[in-house]
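Data first, discussion second: the structure below is written as structure tokens.
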Amino acid sequence: STMLPNFSITSTDFALAGVASGEVKRQWLFLLLGIVPIICISGNVMVMLAVWTTKSLQTPTNHLLVSLAVADCIVGAFVMPFSIYLSINDLKWFLSLPVCHLFCVLDVMASTASIVHLVLISIDRLVAATKPAEYKTQKHRKRVHRAIGLTWVFCILLSLPLSFNAKTAEVLETEHHCGIYAPVYMLLSSIFAFYLPCTTMLITYGYIFYTLRKRLRAIQLQ
2 STMLPNFSIT STDFALAGVA SGEVKRQWLF LLLGIVPIIC ISGNVMVMLA
52 VWTTKSLQTP TNHLLVSLAV ADCIVGAFVM PFSIYLSIND LKWFLSLPVC
102 HLFCVLDVMA STASIVHLVL ISIDRLVAAT KPAEYKTQKH RKRVHRAIGL
152 TWVFCILLSL PLSFNAKTAE VLETEHHCGI YAPVYMLLSS IFAFYLPCTT
202 MLITYGYIFY TLRKRLRAIQ LQ
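In my numbering, the protein residues as written are 2 to 223.
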């Protein structure tokens, strides 16, 4: 009978040690993952400053890169910290519903903006490769600026419905999970914000490769 209390104390000690160890691991994970957003933001701010302060870098392609850097800064400043929060809390969300909605909206908006900007860069490279004279005109520059503006409008409109998702509120209240619970929306947004852009990029860069290879062969035959 005298051994039972000792066994009880030992078990408690082990449990407390396990909790302490888990807390230390969470803190280290937080510190390690916390470096990633800082690197992301710093790198993209440097890109923006380089283009902003150097006139020779202010080309249509680099304007697209600056806009892409803005999208990546949003990811680094807002999306990554919330993702880290979820990682260290076993994917449980204990923040408020409005913050959850904000996280979902910014995640979709910035991620979509990044992908669409990559498509625009591929199209810009296509124009540079196939129509170099047109690429250097003011008309092309204005076209790029217009495309950047329309991209952000599209991404904002695509993400706004997430701020009214009632299912998110229901799941958050019952299971403490923050996410997008709208199958039709997810299907359509995946098509228009991922699969279609990726297909466009593959076709565009494939055509650029074909054009440059054809031009190189023509030069070699001369």
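C-beta atoms are modelled at their ideal positions from N, C-alpha and C, and glycine is treated no differently.
Only a predicted model underlies this, so the values are computations on that prediction, with no experimental measurement involved.
*asked:* Check whether the segment 171-179 and the segment 84-97 touch, using three or more Cβ-Cβ pairs below 8 Å as the test.
replied: yes
_Reduced DSSP secondary structure (H/G/I, E/B, other) of N90_ = Along the sequence shown, read from residue 1 onward, the residue named residue 90 stands at position 89. Correct three-state label for N90: coil.
*Same chain, Cβ closer than 6 Å to L30, neighbours up to 5 away in sequence not counted*: Locating residue 30 in the sequence shown gives position 29, where the first residue counts as 1. Once the five neighbours on either side are set aside, the close Cβ partners of L30 are I89.
*According to DSSP, is I181 helix, strand or coil?*
On the sequence shown, position 180 is the one that residue 181 refers to. If DSSP states are grouped into helix, strand and coil, I181 belongs with coil.
*To which residues of the same chain is I181 closer than 8 Å at the C-beta, ignoring the five residues directly before and after it?*
Here residue 181 refers to the residue found at position 180 of the sequence shown. The answer, listed in chain order, is C105, V109, L163, N166, T169, M187.
*Which of the three DSSP states, helix, strand or coil, is assigned to Q59?*
Mapped onto the sequence shown, residue 59 falls at position 58. Reduced to three states, the DSSP call for Q59 is coil.
*Grouping DSSP H, G and I as helix and E and B as strand, with all else coil, what is F79?*
Stepping through the sequence shown from its first residue, residue 79 is reached at position 78. The answer is helix: DSSP assigns F79 an H, G or I state.
_If you follow the alpha helix (DSSP H) that S112 is in, where does it begin and where does it stop?_
Within the sequence shown, the letter at position 111 stands for residue 112. Segment 98-131, the alpha helix (DSSP H) holding S112.
*asked:* Short of 8 Å in beta carbon distance, which residues of its chain neighbour S115, apart from the five on each side in sequence? Order them along the chain.
replied: Here residue 115 refers to the residue found at position 114 when the sequence shown is read from its first residue. Cβ within range, chain order: L69, A72, D73, V76.
*Do V128 and P198 come within 8 Å of each other at the CB atom, strictly closer than that value?*
Walking along the sequence shown from the start, residue 198 turns up at place 197. Walking along the sequence shown from the start, residue 128 turns up at place 127. Contact: no.
*Helix, strand or coil: which one does DSSP assign to T212?*
Here residue 212 refers to the residue found at position 211 when the sequence shown is read from its first residue. Looking at T212 - three-state DSSP - the assignment turns out to be helix.
*So, using beta-carbon positions, are V80 and A111 closer together than 8 Å?*
Within the sequence shown, numbered from 1, the residue matching residue 80 stands at position 79. Within the sequence shown, numbered from 1, the residue matching residue 111 stands at position 110. Going by C-beta atoms, V80 is nearer than 8 Å to A111.
*Short check: CB of V117 to CB of T62, under 8 Å?*
Here residue 117 is taken as the residue at index 116 of the sequence shown, counted from 1. Here residue 62 is taken as the residue at index 61 of the sequence shown, counted from 1. No, the Cβ-Cβ distance between V117 and T62 is not below 8 Å.
_Contact check, F122 vs L58, beta carbons under 8 Å_ = Walking along the sequence shown from the start, residue 122 turns up at place 121. Walking along the sequence shown from the start, residue 58 turns up at place 57. Going by the sequence as given, residue 122 is Ile instead of Phe. In this structure, L58 does not lie closer than 8 Å to I122 by Cβ.
*How should S159 be labelled, buried or exposed, when 16 other C-beta atoms within 10 angstroms of its C-beta is the threshold for buried?*
Here residue 159 is taken as the residue at index 158 of the sequence shown, counted from 1. Contrary to the premise, residue 159 reads as Leu rather than Ser in this sequence. So L159 counts as buried.
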